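Student:
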């Protein structure tokens, strides 16, 4: 019985220690202002994947070669955009995870926003 | 050629367009994932934990009695009067069976005549509520499929009607089932299901779902009529076999006390007292005072000694490979090296289980060489069930966010199942909430689940080894290859979760 308890204590110590050793400093990432230029051409968004950190104040400056209704899933931000009309999508990245960006009219997926936990 | 064009090409070549002309749907039937890959440090941490914790059951339980898996604490829920009245009431069981048949027809009708793109209850109900939801319920609560299986219920009703109208022998043709076939029909049907889930690009199209459900209903009804209901459900009905496997993990079991009743049912697990456990056919026929509905420690059902039918090992490996395949498909490794075409995907669905089976049998052979004592075939059968917790943990880690987020769609779908603009319950405009679980929580819970499943699997392999080999030293040596295999598999699962998602 005593042997088992010692064993469990040792394993808990090893795994606990390893966790704090490997985990990056949670204070390291302060929220930033991020402005990202995005262009949609022929139904392809470039860059296709946007990656930000939780808490970032994000501005997407979008241009497109055809008129569409840009929709960011999860955040439910929507903007019309077209050849003559650039769009600006602003939001605070409070939801973490992976969210699709689509053209709401054709329901075509254009790209993905990834919000990493802060 | 980029990923999207490749996907469209893949879809164009596959059956969906030929059959229905529908637009290509998602790579698998679940809709978009909201999970982001686990970071490298957490992957390394999970892998390290898998190695360290693998030795925990060995160190803690090595001197326990060999027959430990026969005996475990259990509590009969039917001894509590309130629970007995509730759980055995005809209103509850009959209601659930009626609901299940009704849902089957709702799915078929919605699939055939409902809106084909967008709002339709069939895809969400089948893939999220039934496939993901019911498999979690079965593994973590108990196996209700034998009670609610809609085709079983339909067969019972037809049987009852036939008897009432004077066919005294019922509808079963009573052909004898070739025993050598074992559960291979279920293995084959489950393989088709894995293919539909992961490869078939029209798996989210309501009409396809309805047609598949109808075709499968015909196969099942025919199989039950031809060979007898219980015979087919136990050997040919892929989902009865699948949920039965998960039910072995569940913290509940149904048990019949009287050994005489158990004698008449085949393929059951017998406990020390001669009663039979999770023998649903016997349970249905047993007298009320012979029945027990027990709470028990989770996963003990996977350690019970029993004969594994032909195909049993293949089925477990197929389940394991199936859940891995779904994750693997989304990795860039798969896309870059193997290319996404229906042909390579289909080859993958067939070859990955074969590869898994080969690796498993190789490690079983190593175990036989190191531990000795027991023949290869018996060893292969005995260890197979110990892999099930790994499959359940991965399935849970991979899909639980789908259930939480996509599952909310059911709230609006019940008000408008066909997508015709109805609002039966006033919930049609409900919008799913996305922020229920943050990505950080998802990361930690995924790693925790996979490592926990791994530890349970190692423990099971340990107790199986002790039971078979008796001698602790030989049992230790004999299970080492299994331990290595489990560590390798767990690292693969974690690695897949750490990969960037490509669609």
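Protein chains in written order, with our numbering: chain A, 1129 to 1246; chain B, 89 to 591. A virtual CB, placed ideally from N, CA and C, is assigned to each residue, including glycine. The structure presented is a predicted model; accordingly, all values stated were derived computationally and were not measured.
So, do the segment 1177–1188 of chain A and the segment 165–172 of chain B have three or more beta carbon pairs nearer to each other than 8 Å?
Tutor: Taking 8 Å as the limit for Cβ pairs, the verdict is that the segment 165–172 of chain B does not touch the segment 1177–1188 of chain A.
Student: Expressed to the nearest angstrom, what Euclidean distance is found between the alpha-carbon atoms of residue 148/B and residue 1130/A?
Tutor: In a straight line, the C-alpha of residue 148/B is about 11 Å away from that of residue 1130/A.
Student: With burial defined as no fewer than 16 other Cβ atoms inside 10 Å of the residue's Cβ, what is the status of residue 511/B: buried or exposed?
Tutor: Residue 511/B should be labelled exposed.
Student: Can you give me the C-alpha to C-alpha distance between residue 549/B and residue 467/B, rounded to a whole angstrom?
Tutor: So the alpha carbons of these two residues sit roughly 11 Å apart.
Student: So what's residue 336/B in DSSP terms, helix, strand or just coil?
Tutor: DSSP places residue 336/B in coil when its eight states are reduced to three.
Student: Closest by CA to residue 339/B, which one among 324/B, 520/B, 229/B, 459/B?
Tutor: Here the closest residue by C-alpha is 229/B.
Student: Using only the alpha-carbon positions, how far apart do residue 197/B and residue 298/B sit?
Tutor: Going by the C-alpha atoms only, they are around 7 Å apart.
Student: Chain B partners of residue 1152/A, CB-CB under 9 Å?
Tutor: Within 9 Å Cβ-Cβ: 127, 129.
Student: Rounded to whole angstroms, how far is the Cβ of residue 527/B from the Cβ of residue 1224/A, which I believe are closer than 8 Å?
Tutor: Rounded, the Cβ-Cβ distance is 4 Å, consistent with contact.
Student: With 16 as the cutoff for other CB atoms within 10 Å, does residue 544/B come out buried or exposed?
Tutor: Looking at its Cβ environment, which holds 16 or more other Cβ atoms inside 10 Å, residue 544/B is buried.
Student: According to a CB-to-CB cut-off of less than 9 Å, which residues of the segment 1214–1232 of chain A neighbour chain B?
Tutor: Hits within the stretch, in order: 1222, 1223, 1224, 1225, 1226, 1227, 1228.
Student: In this structure, does DSSP put residue 587/B in helix, strand or coil?
Tutor: Three-state result, residue 587/B: coil.
Student: Can you name the residues of chain A whose CB is closer than 7 Å to the CB of residue 124/B?
Tutor: Going along chain A in sequence order, the residues near residue 124/B (Cβ under 7 Å) are 1225, 1226, 1242, 1244.
Student: Which one of 430/B, 552/B, 540/B, 383/B has the shortest CA to CA distance from residue 579/B?
Tutor: Comparing Cα-Cα distances from residue 579/B to each of 430/B, 552/B, 540/B, 383/B, the minimum goes to 540/B.
Student: Checking 9 Å against the spacing of the C-beta atoms, do residue 139/B and residue 535/B come in under that value?
Tutor: For residue 139/B and residue 535/B, no; Cβs fall outside 9 Å.
Student: Find the residues of chain A that neighbour residue 121/B, judging by a C-beta separation of less than 7 Å, and give them in chain order.
Tutor: Correct list: 1226.
Student: Assuming residue 382/B is part of the alpha helix (DSSP H), what are its boundary residues?
Tutor: Here residue 382/B belongs to no alpha helix (DSSP H); instead the beta strand (DSSP E) covers 379–383.
Student: Below 8 Å on the Cβ atoms is my contact criterion, and I expect residue 391/B with residue 552/B to pass it. Report the Cβ-Cβ distance as a whole number of Å.
Tutor: 6 Å between Cβ atoms; contact.
Student: Opposite residue 1229/A in the DSSP bridges: which residues?
Tutor: Residue 1229/A pairs with 1200/A, 1239/A.
Student: Starting from residue 344/B, follow its DSSP beta bridges and name the residues at the other end.
Tutor: Partner(s): 364/B, 379/B.
Student: Does the segment 236–245 of chain B come close enough to the segment 293–311 of chain B to have 3 or more Cβ pairs within less than 8 Å?
Tutor: Judged by Cβ distances under 8 Å, the segment 236–245 of chain B makes contact with the segment 293–311 of chain B, as three or more pairs qualify.
Student: When the distance is taken between beta carbons, is residue 399/B closer than 9 Å to residue 341/B?
Tutor: No.
Student: If you reduce the DSSP assignment to three classes, tell me which class residue 502/B lands in.
Tutor: Residue state, collapsed to three classes: coil.
Student: Taking the straight line between their C-alpha atoms, what separation do you get for residue 349/B and residue 247/B?
Tutor: Looking at the two C-alpha atoms, the distance is approximately 22 Å.
Student: Chain B beta carbons: is any one of them nearer than 9 Å to that of residue 1198/A?
Tutor: So, not an interface residue.
Student: List the endpoints of the continuous alpha helix (DSSP H) containing residue 285/B.
Tutor: Here the alpha helix (DSSP H) through residue 285/B covers 272–286.
Student: Work out the CA separation of residue 557/B and residue 461/B for me, nearest whole Å.
Tutor: Whole-angstrom Cα-Cα distance: 6 Å.
Student: Look at the Cβ atom of residue 530/B, then the Cβ atom of residue 123/B, and state whether they are nearer than 9 Å.
Tutor: Cβ distance < 9 Å, so residue 530/B and residue 123/B count as in contact.
Student: Does the beta carbon of residue 1210/A sit closer than 9 Å to a beta carbon anywhere in chain B?
Tutor: Output row for residue 1210/A: interface = no.
Student: Take residue 1151/A and list the residues in its own chain whose beta-carbon comes closer than 8 Å to its own, dropping the five residues that flank it on each side.
Tutor: Cβ within range, chain order: n/a, list empty.
Student: Alpha carbon to alpha carbon, how far is residue 381/B from residue 183/B?
Tutor: Whole-angstrom Cα-Cα distance: 19 Å.
Student: How long is the line joining the alpha carbons of residue 1133/A and residue 146/B, rounded to whole angstroms?
Tutor: Rounded to whole angstroms, residue 1133/A to residue 146/B spans 14 Å at the Cα level.
Student: List in chain order: all unbroken beta strand (DSSP E) runs of 3+ residues lying wholly within the segment 143–188 of chain B.
Tutor: Listed in chain order, there is nothing to give.
Student: Determine whether the Cβ of residue 1237/A lies closer than 9 Å to any Cβ atom of chain B.
Tutor: Taking Cβ atoms only, chain B reaches closer than 9 Å to residue 1237/A, which makes this a yes.
Student: Is any beta-carbon of chain A found at less than 9 Å from that of residue 527/B?
Tutor: Answer yes: the Cβ-Cβ gap between residue 527/B and chain A drops below 9 Å somewhere.
Student: Since residue 1142/A meets chain B, which of its residues come closer than 7 Å, beta carbon to beta carbon?
Tutor: Within chain B, the residues near residue 1142/A are 140.
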